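**Student:**
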Amino acid sequence: MLIRPTIEDFQVVASNLGRILTLVGFAGVVPLSWAVLAREWAPASSFILMIGVFLALGSLAARIRVPKQRLDWSHGMVVVALAWLVVPAVAAIPLAVSGHYSSSLDALFDGMSGLTTTGLALVQDLDHMASSLNFWRHLLHFVGGQGIIIAALSIFAGGGAVTLYLGEARDERILPSVRSTARFIWAAALGHMAVGVTILTIVAWQVLGFSPNRSLFHGLMVFFAAFDTGGFAAQSTNLGYYHSMIFEFSAGVLMVAGTMSFGLHYALWKKRYSSVMLNLETRTMVVTFGATLMLTILGLAATGAFVEVVGLSRYGFFQLLSAHTGTGFSTISVPELAGWTGLAFSGVAVAMALGGMGSSTAGGVKSLRIGITVRSIVTQIRQVLVPDGALVARSYNQNGKTRLTADISQAAMSVSLLYVALYLAGAAVAVAYGYGLQDALFESISAGANVGLSVGVTDPSMPLLLKITYIAQMWLGRLEFVAVFALFGFLWSTWRGK
Amino acid sequence: MKRLAVLALVLLAVPVPVAAQEGPRVTVSELLARAAEITGRVVVEGELIGDYGLRGNGYMWTQLNGDSYAYEPLLEGGALTGGNVGVAVRIPEEFVDKLGGPGGYRVRGPLVRVTGQWEYHDPDRNGESYIDVLSIDVLNPGGPLSEQPNYWVLVAGLVLVVGSVFLRRGTGWWRRG
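As you go down the protein sequences, you meet chains A and B in turn.
The first sequence runs 2 to 499 under my numbering.
The second sequence runs 3 to 179 under my numbering.
Written out as structure tokens, the structure reads:
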């Protein structure tokens, strides 16, 4: 029997959601300060409006009497799912009033894309956009990449923190408490930021010949999008704007760092190198990257677009790295990427679908699930081949040896299947609107796996339902289904429960 | 036969159109859509935008946008027509002095017509594609654009912020769960 949520359940959800909205409202002071310093008054007023809406919603929630009932698993999941809907909607206000979007839905699309670190964009005339608005788009990558819930938990981790943490698709607790884990994640991100921005700025200034101010601007933007595997860029030609192998290499290192699980960052920090090398995710990602890279390079060679091996390797490697890490940076034009067919298309599309590591800033099925699924299948086959009564050892290495139970295998396979269903569902909607199957599949995988590479389907003129589909895919893909299903269950119980 | 010879002489004497000497005129969209097919010299129009990357090797790199915003900026009432359409250009440094600053927020970049060599996945540049500019004409020097703050947005925002502070009386900003 379905039990209808009580008024206390709603109060718990609203109260916790309100605290998260208040926190993001305070974060809005950062782009506001940027706008004031840059004397960009129109964007500054839109940031004040956004902060006002965040704080007003947070304050209304604060007026709700907090019941003694503690945040349980279902409350936490509902809070997370709602937070990832409301935050992008309110964060999109400055974009919506900027004049660079045809509709509020388009602005919401970019807000969701930014926060879920996808990188697909419906912005128009990006090259004339205010620097503070551009900064805000990229800052959304940074906030969403580490996790808005993680940000909240690092400040106030009360009862039920674990469920909030898990709801945001984090299944790995690095340190004993959720709060210390959350703080480690932010410390790792800020540490990478200090190094990454410095290197990118120096390269932009000394190698690309940009002015010092603009070098810092580009360094910041590219860092946010690379480390958080986002894919937005300061200019419309994306990373192809920079025309520099050194710059691409610097961004590439940050993309790899971003796609690594924070557990591996911790192991590296503690100098447990063997643990990193033995890790199932590391090994799985090396194998899948190698295989998809081979497909892509062979496919590209067959097109004859490149006449020498350095260019072929450079462009093939970077696009593949961008796809597999879930970043979505591109160094070629959209029409050219759309022309990648056959093996090159397969390599990039499969890499996008697989995605990066679990508990990282990347999306997709995740290497851990792929590794567990393969390990489970191999174990099953070996079990059939050994004599009756003999048992095959079932374990895998992820920050130490872990027993491979039926529950773990089942969970990995179920979520993997859900991702496949998500990719196919998005593609079906686009095909129904008359897009070619290849383009539809590519764009759907890109949205569902939070990648951001585009073959041109994502465009302000695309059908409204397709925009909504991609927004939903980005949301579901980022939260890895569970929190969203919990929200639907909560709503269903409210309607049909007794 | 004599007439044919005269006709041939006349045809030879007719000046060849400038565009034919310079290469075909293409838009940036066409260039990107038929990147592999187009070879040799091209003439392209557009706005220089973003940054001027002076790399100290005699060349400056920037981006040339051939979209509607190059002709009718949003801040001058231009309509939204989709994303930007840009291509990289490599310009000899000696041309830089006659160019105004690049376009960006509240700045209309110089609208130029460039004649250059279309380099599609240039092996000498490790596979990069760009226009190697040979000559450049400034059609419009560009300049600053103005944008007014939206006072209604500002007032609404301030009202909400003040209202939030009022609502928070007695509860504080954080409350432990």
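Note that beta-carbon positions come from the ideal geometry of N, C-alpha and C, so glycine has one too.
This one's a predicted model, so the numbers in the text were calculated from it and none came from an experiment.
(1) In terms of residues, what are the limits of the beta strand (DSSP E) holding D90 of chain B?
(2) Relative to the C-alpha of V88 of chain A, which residue among A:A97, A:S415, A:L22, A:S417 is closest?
(3) E309 of chain A versus chain B: which residues are under 7 Å apart at the beta carbon?
(4) What are the uninterrupted segments assigned as beta strand (DSSP E) that are 3 or more residues long and contained completely in the segment 346 to 426 of chain A, given in chain order?
(5) Compare the beta carbon distance of G453 of chain A and T362 of chain A with 7 Å and say whether it is the shorter of the two.
(6) Using a C-beta cutoff of 7 Å, does D10 of chain A count as contacting chain B?
(7) List the DSSP bridge partners of R105 of chain B.
(8) Go through its chain and collect everything with a Cβ distance to A428 of chain A's Cβ below 6 Å, but skip five positions before and after it.
(9) Could you tell me which of B:D69, B:N152, B:E32, B:L33 sits nearest to L50 of chain B, measuring between CA atoms?
(10) Return the first residue and the last residue of the alpha helix (DSSP H) that W42 of chain A is part of.
(11) Under the DSSP definition of a beta bridge, which residues are partnered with Q236 of chain A?
(12) Quick one: complete beta strand (DSSP E) runs, 3+ long, within the segment 180 to 245 of chain A?
(13) Starting from the beta carbon of Y316 of chain A, find every residue of chain B whose beta carbon is closer than 7 Å, and list them in chain order.
(14) Is S148 of chain B close to chain A? Criterion is C-beta to C-beta, closer than 7 Å.
(15) DSSP three-state call for I21 of chain A: helix, strand or coil?
(16) Quick one: which chain B residues come within Cβ less than 8 Å of E169 of chain A?
(17) Could you check which residue in A:A433, A:Q399, A:G372, A:P461 has the C-alpha nearest to that of S417 of chain A?
(18) Which ranges does the alpha helix (DSSP H) cover as unbroken runs of at least 4 residues, wholly within the segment 94 to 150 of chain A, from first to last along the chain?
(19) Please state whether DSSP places I501 of chain A in a helix, a strand or coil.
(20) Assuming V25 of chain A and F48 of chain A are in contact, meaning their beta carbons sit under 8 Å apart, how far apart are those beta carbons, in whole angstroms?
(21) If you drop the 5 nearest sequence neighbours on each side, which residues of the same chain put their C-beta closer than 7 Å to that of L154 of chain A?
(22) State the DSSP-derived secondary structure class of Q65 of chain B, mapped to helix, strand or coil.
(23) Is DSSP giving L454 of chain A helix, strand or coil here?
(24) To which residues of the same chain is M113 of chain A closer than 7 Å at the C-beta, ignoring the five residues directly before and after it?
(25) Whole angstroms is fine: what's the gap from A394 of chain A's alpha carbon to Y267 of chain A's?
(26) Can you check whether the C-beta of A81 of chain B is within less than 7 Å of a C-beta belonging to chain A?
(27) Under 8 Å Cβ to Cβ from T238 of chain A, same chain only, skipping five residues before and after it: list those, please.
(28) Determine the DSSP secondary structure at I469 of chain A, reduced to helix, strand or coil.
(29) Could you name the residues of chain A that N142 of chain B contacts, counting a contact when the two beta carbons are closer than 8 Å?
(30) Consult DSSP for V12 of chain B and reduce its assignment to one of helix, strand or coil.
(31) Would L101 of chain B count as contacting chain A if we go by Cβ distances under 7 Å?
(32) Just the Cα atoms here: how many angstroms apart are I93 of chain B and T199 of chain A?
(33) The segment 333 to 345 of chain A: which residues have C-beta closer than 7 Å to a C-beta of chain B, in chain order?
(34) Just reading off the beta strand (DSSP E) that L38 of chain A is part of, what are its end residues?
(35) Between A:D10, A:T328, A:L405, A:R273, which has its C-alpha nearest R71 of chain A's C-alpha?
(36) Note down the Cα distance separating F346 of chain A from T41 of chain B, rounded to an integer number of angstroms.
**Tutor:** In terms of the structure at hand:
(1) Going by the sequence as given, residue 90 of chain B is Ala instead of Asp. Looking at the DSSP string, the run of the beta strand (DSSP E) that includes A90 of chain B is 88 to 94.
(2) A:L22
(3) P125
(4) 396 to 398, 402 to 404
(5) no
(6) no
(7) The amino acid occupying residue 105 of chain B in the given sequence is Gly; Arg does not appear at that position. Its beta-bridge partners are B:I51.
(8) A441, L442, S445
(9) B:D69
(10) 42 to 63
(11) Paired residues: none, contrary to the question.
(12) none
(13) G129
(14) no
(15) helix
(16) Residues of chain B passing the Cβ test: none, with the nearest at roughly 16 Å.
(17) A:G372
(18) 94 to 97, 105 to 116, 132 to 147
(19) In the structure as shown, chain A begins at 2 and stops at 499. Residue 501 of chain A is therefore absent and cannot be evaluated.
(20) The Cβ separation is near 12 Å, so there is no contact.
(21) A162, L165, Y166, V179, R180, A183
(22) strand
(23) coil
(24) P89, I472, M475, W476
(25) 28 Å
(26) no
(27) S334
(28) helix
(29) Correct list: empty, because the minimum Cβ distance to chain A is about 15 Å.
(30) At V12 of chain B, the pLDDT of 47 sits below 50, so the modelled position is not reliable and the matter cannot be decided from this model.
(31) no
(32) 28 Å
(33) S334, P336, E337
(34) It is not in any beta strand (DSSP E) - L38 of chain A instead sits in the alpha helix (DSSP H) that spans 30 to 38.
(35) A:D10
(36) 25 Å
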